[in-house]
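Numbering (our numbering), first residue to last: 36 to 229.
In what follows, a structure is listed as structure tokens, so that the remarks can point back to it.
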Amino acid sequence: MSQRRLTSNLANVTEASRWSYTFFERACIISSQSQNRMRQKGNLLERTLIIVKPDAVQRGLTGEIIRRFEARGLKIIGMKLMQVDRALAERHYDVHRERPFFPSLVEYIISAPVVVMALEGTDAIAAARATIGATKPSEAAPGSIRGDYGLEIGRNLAHGSDSVENGKLEAANFFNAAELCGGWARDVDRWVFE
Ligand code: RTP
Ligand code: MG
């Protein structure tokens, strides 16, 4: 490649990163404005990590599962298809490391691609877990994801963070900052958040 062509390509890359940085900065400004507005109303935004697990992706239920969270009003701030590696799976389920089901749980999560989503909204942790349903699908309420599509605990379709702290930690474990559009201004926000 000629020196001039290389310089021109580098200029384009720099211009593109400047643009995305500006965009990211603007998104953050919008984010802090909208979060302030919500705090003023007394509603706290929470962040949760959702994993559409390998069985759900393999069964073609990804769209249906995403649809349920979107329809509920939770805002997607990050989403990707990925293959979880063993180290990340073990870190994610570290709290269960001593449990007998830990090895099979890790094998399950790394067995095929998953879709991960970071969602934001009022009471996002509890809302998402209610949408997912009880851990054992046989005990999950009809209308929940596990209650409608699952039978066994080791094939329970979706993960949702179990606390505000874990929601933040897990989102950061699965996404880097550039992959998250935290607090982007969704036009319908005022019809979902009071
Ligand atoms: P998740 O973390 O995947 O969203 O599920 P959860 O909060 O409803 O349940 P948790 O207690 O965190 O368990 C994590 C996953 O481990 C598997 N499990 N197997 N055989 C068993 O007794 C057993 N218990 C849990 C499940 O796949 C569960 O989702
Ligand atoms: Mg859990």
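Beta carbons: idealized from backbone N, C-alpha and C, even for Gly.
Fair warning: this is a prediction, and the values are worked out from it, not measured in the lab.
Query raised in the report: Less than 8 Å between the CB of Asp129 and some heavy atom of ligand 4, yes or no?
Result: For the structure depicted, ligand 4 is absent and the ligand set comprises only ligand 1 and ligand 2.
Query raised in the report: Ala147: buried (16+ other C-beta within 10 angstroms of its C-beta) or exposed?
Result: With fewer than 16 other Cβ atoms inside 10 Å of its own Cβ, Ala147 counts as exposed.
Requested in this report: Confirm the yes/no value for this check: CB of Arg134, any heavy atom of ligand 1, distance under 8 Å.
Outcome: Between ligand 1 and the CB of Arg134, the shortest heavy atom gap is smaller than 8 Å.
Report task. Look at the Cβ atom of Arg232, then the Cβ atom of Ile180, and state whether they are nearer than 9 Å. Result -> The question about residue 232 has no answer, for the chain in this structure spans 36 to 229.
Requested in this report: Flag this pair as touching only if the segment 129-140 and the segment 154-172 have three or more C-beta atom pairs under 8 Å; answer yes or no.
Outcome: Segments in contact, no.
Report task. Note the first and the last residue of the continuous beta strand (DSSP E) segment covering Leu116. Result -> For Leu116, the enclosing beta strand (DSSP E) starts and ends at Lys110 to Met117.
Query raised in the report: Any heavy atom of ligand 2 within a distance shorter than 8 Å of the CB on Asp197?
Result: The beta carbon of Asp197 sits closer than 8 Å to at least one heavy atom of ligand 2.
**Report entry** Every unbroken alpha helix (DSSP H) inside the segment 140-170 [4 residues or more]
**Finding:** The qualifying runs are 159-167.
Query - Closest residue to Leu215 among Ile101, Tyr184 and Met152 (Cα-Cα distance) - result: Comparing Cα-Cα distances from Leu215 to each of Ile101, Tyr184 and Met152, the minimum goes to Met152.
Query - Rounded separation between Asp183 and Gly195 - CA only - result: If I take the Cα positions, the gap works out to 17 Å.
**Report entry** Euclidean distance between Cα positions of Ile144 and Phe228
**Finding:** Here the C-alpha atom of Ile144 lies approximately 33 Å from the C-alpha atom of Phe228.
Query raised in the report: Residue range of the alpha helix (DSSP H) that Arg107 falls in?
Result: Residues Thr97 to Arg107.
Query - Test item: CB-CB of Glu81 and Asp197 under 9 Å - result: Glu81 is not a Cβ neighbour of Asp197, given a cutoff of 9 Å.
Query - Whether Ala91 touches Ala193 by CB criterion (9 Å) - result: Yes, these two residues count as a Cβ contact at 9 Å.
**Report entry** Neighbourhood of Pro172 by C-beta, 6 Å cutoff - its chain only, sequence neighbours within 5 removed
**Finding:** Excluding the 5 residues flanking it on each side, Pro172 has same chain C-beta neighbours closer than 6 Å at Arg181, Gly185, Leu186 and Asn191, in chain order.
Query raised in the report: In terms of residue numbering, what span does the beta strand (DSSP E) encompassing His194 cover?
Result: Here the beta strand (DSSP E) through His194 covers Ala193 to Gly195.
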